[in-house]
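Enquirer:
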Amino acid sequence: MYYSLFLTWRYVPKSLPILSLTANSLSNFHQYILNSTKFPLYEKSYESLLFSPFVQTENNFFSLSSNDLQTMPVPMVNKIFSEFLNINFSDHIIVYTDGSISPLSTGFSFYIPELLISFTNNLPPSSSSFTAECYAIIEALILISRLAPNNYLIASDSLSRLLALKSNPFNFHPSPLALCIKHITLTLHQSNYFIQFLWIPSHIVIYGNKVADSLAKFTYSLICPSLTQLPHTDFTPTIPHHIKHLWSSQWSNLPAKFATRYKHIVSIIPHKTWFNNLHLSRSTIIQFNRLRSGHTTLPAHAYKLDLNDSLFYTLHITEKPCDLFHILFDCPSLHLKRTTLFKPLKSLNISPNLYSILNSNSEIVFKLIITFILEAGFRI
1 MYYSLFLTWR YVPKSLPILS LTANSLSNFH QYILNSTKFP LYEKSYESLL FSPFVQTENN
61 FFSLSSNDLQ TMPVPMVNKI FSEFLNINFS DHIIVYTDGS ISPLSTGFSF YIPELLISFT
121 NNLPPSSSSF TAECYAIIEA LILISRLAPN NYLIASDSLS RLLALKSNPF NFHPSPLALC
181 IKHITLTLHQ SNYFIQFLWI PSHIVIYGNK VADSLAKFTY SLICPSLTQL PHTDFTPTIP
241 HHIKHLWSSQ WSNLPAKFAT RYKHIVSIIP HKTWFNNLHL SRSTIIQFNR LRSGHTTLPA
301 HAYKLDLNDS LFYTLHITEK PCDLFHILFD CPSLHLKRTT LFKPLKSLNI SPNLYSILNS
361 NSEIVFKLII TFILEAGFRI
């Protein structure tokens, strides 16, 4: 909707809405997003959805806990791990996979020490670690499909990725990459390949896993950008930051005479609303927000909106525009009520100026100011 608004915008006097600008800028990422005309579940066969590969996620290295392994010397840990493999997976070819992310790049890799095969590639920097780990497995499975049928053990330190393979795709929102792994694994099983998955705790140094990690980090130096497509969920975290950047850019580039009063109160676009974590009624939020922005029905602004015949206050002789500043600080007719108002404000360490009052985060201050204005006979 917002993207179509961008394409059809013809209202020149007004700037384009921020959400439409965001939609247009995000449209440039289409080439990097996994596109589908179907829901991911419907893209794979029913048989592959029901298929549950063998995944061992328990740390059963001779009943040693992760804490025990961390305190041991690295050579001893690798000796224990080798003995564990010899006892439980002696007839398997071990494939180590890993993914690594950095602010500028994301890499994934796999390493097969028995066959002296290694592979590494990069992904767009917006990739999640889950996506990188999934692509490492997918590329490893593609290579395995080109080798002779055998028993293969894919070892990974990504617990979330392996748990996704064990999960029922009908009970949660499935990752399209996890479904792809299940589909490829089933296809290999049907061709006499036997694939198993093993979780390795990431905080213990296993040599094969260390090599895969180094290969994944090697992609940081690759110059050529990756054209690999990513799930749309990898771009979701960037959208709020992008919208915030557009808002801040537009706010800071407004003409000097535009919204000068409000810009004095809100110099930069905040991360959260001014009433965040405050227990205020909706009416209080609306009324105080109008006071902050200056868009009220007080005589001065009501006159600009043709809702009032005069912008002056009629309860005293001196003609002055009846705005919020005048009501809070200047109006002689409200002197006694003003004195009563400022006593509790002083006890709350609120300075008697408009900036301090409107930037307050005290619920008491909001209610005092609103009550003062309403009891003075005005509408907000």
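Residue numbering for the sequence shown follows the UniProt record's numbering, starting at 1 and increasing by one per position.
Using N, Cα and C, we set each Cβ at its ideal position, and we do this for glycine too.
1) Is DSSP giving Thr371 helix, strand or coil here?
2) Would you report the Cα separation of Ile265 and Asn289, rounded to the nearest angstrom?
3) Among the residues of its own chain, which have a CB less than 6 Å from the CB of Phe51, if the five just before and after it don't count?
4) Please report the distance separating the alpha-carbon of Val205 from that of Leu348.
5) Give the range of the alpha helix (DSSP H) segment to which Tyr207 is assigned.
6) Are Leu153 and Trp199 close, meaning C-beta to C-beta below 7 Å?
7) Tell me the DSSP secondary structure of Asn151 in three-state form.
8) Hey, could you find the ends of the alpha helix (DSSP H) Gln190 is sitting in?
9) Kindly identify the DSSP beta-bridge partner or partners of Asp98.
10) I need the boundaries of the alpha helix (DSSP H) containing Phe84, first residue and last residue.
11) Hey, how far is the Cα of Ile87 from the Cα of Ser48?
12) Tell whether a beta-carbon distance below 7 Å holds between Ser105 and Asn122.
13) Just the Cα atoms here: how many angstroms apart are Asp213 and Ser109?
14) Taking Thr238 and Ser127 to be in contact with their CB atoms under 8 Å, please state how far apart those CB atoms are, rounded to whole angstroms.
15) Report the rounded CA-to-CA distance for Ala302 versus Tyr42, giving the unit in angstroms.
16) Quick one, which of Ile138, Phe197, Ala140 has its alpha-carbon nearest Pro166's?
17) Between the C-alpha atoms of Ile144 and Ile184, what's the straight-line distance to the nearest angstrom?
18) Which term fits Glu133, buried or exposed, when burial requires 16 or more other beta carbons within 10 angstroms of its beta carbon?
19) From Phe342, Leu334, Phe275, pick the residue whose C-alpha is nearest to that of Ser360; which is it?
20) Report back the beta-carbon spacing between Asn209 and Pro149 to the nearest angstrom; my notes put them in contact at under 8 Å.
21) Helix, strand or coil: how does DSSP classify Val55 here?
22) For a quick check, are the C-beta atoms of Leu246 and Glu363 less than 7 Å apart?
23) With a Cβ-Cβ cutoff of 7 Å, do Leu354 and Gln229 count as a contact?
24) Going by the beta-carbon positions, is the gap between Pro176 and Pro231 smaller than 7 Å?
25) Here's the rule I'm using: 16 or more other beta-carbon atoms within 10 Å means buried, otherwise exposed. How should Gly107 be labelled?
26) Could you name the residues that DSSP lists as bridge partners for Gln196?
27) Residue range of the beta strand (DSSP E) that Thr233 falls in?
28) Per DSSP, which one or two residues make a beta bridge with Thr120?
29) Where does Ile204 sit, in a helix, a strand or coil, going by DSSP?
30) Compute the beta-carbon to beta-carbon distance between Ser102 and Leu215, rounded to the nearest angstrom, for a pair I have assumed lies under 8 Å.
31) Please report the distance separating the alpha-carbon of Thr296 from that of Asn24.
32) Please report the distance separating the alpha-carbon of His335 from that of Gly294.
33) What do you get for Phe39, buried or exposed, if any count of 16 or more other CB atoms within 10 angstroms of its CB means buried?
34) Drop a sphere of 10 angstroms on the beta-carbon of Gly377, count the other beta-carbons inside from all chains shown, and report buried for 16 or more, exposed for fewer.
35) Out of curiosity, what's the CA-to-CA distance linking Arg146 and Ile268?
Expert: Looking at the atomic coordinates:
1) helix
2) 12 Å
3) Lys182, Leu186
4) 57 Å
5) 207-218
6) no
7) strand
8) 176-190
9) Ser109
10) 74-88
11) 30 Å
12) yes
13) 7 Å
14) In fact, because the Cβ distance is near 11 Å, the residues do not count as touching under 8 Å.
15) 58 Å
16) One detail in the question is off: residue 166 reads as Lys in this sequence, not Pro. Here the closest residue by C-alpha is Phe197.
17) 10 Å
18) buried
19) Phe275
20) In fact, because the Cβ distance is near 25 Å, the residues do not count as touching under 8 Å.
21) strand
22) no
23) no
24) yes
25) buried
26) Phe54, Leu153
27) From DSSP, Thr233 is part of no beta strand (DSSP E); its letter is neither H nor E.
28) Ser109
29) coil
30) Not quite, the Cβ-Cβ distance comes to about 14 Å (not below 8 Å), so this is no contact.
31) 34 Å
32) 22 Å
33) exposed
34) exposed
35) 57 Å
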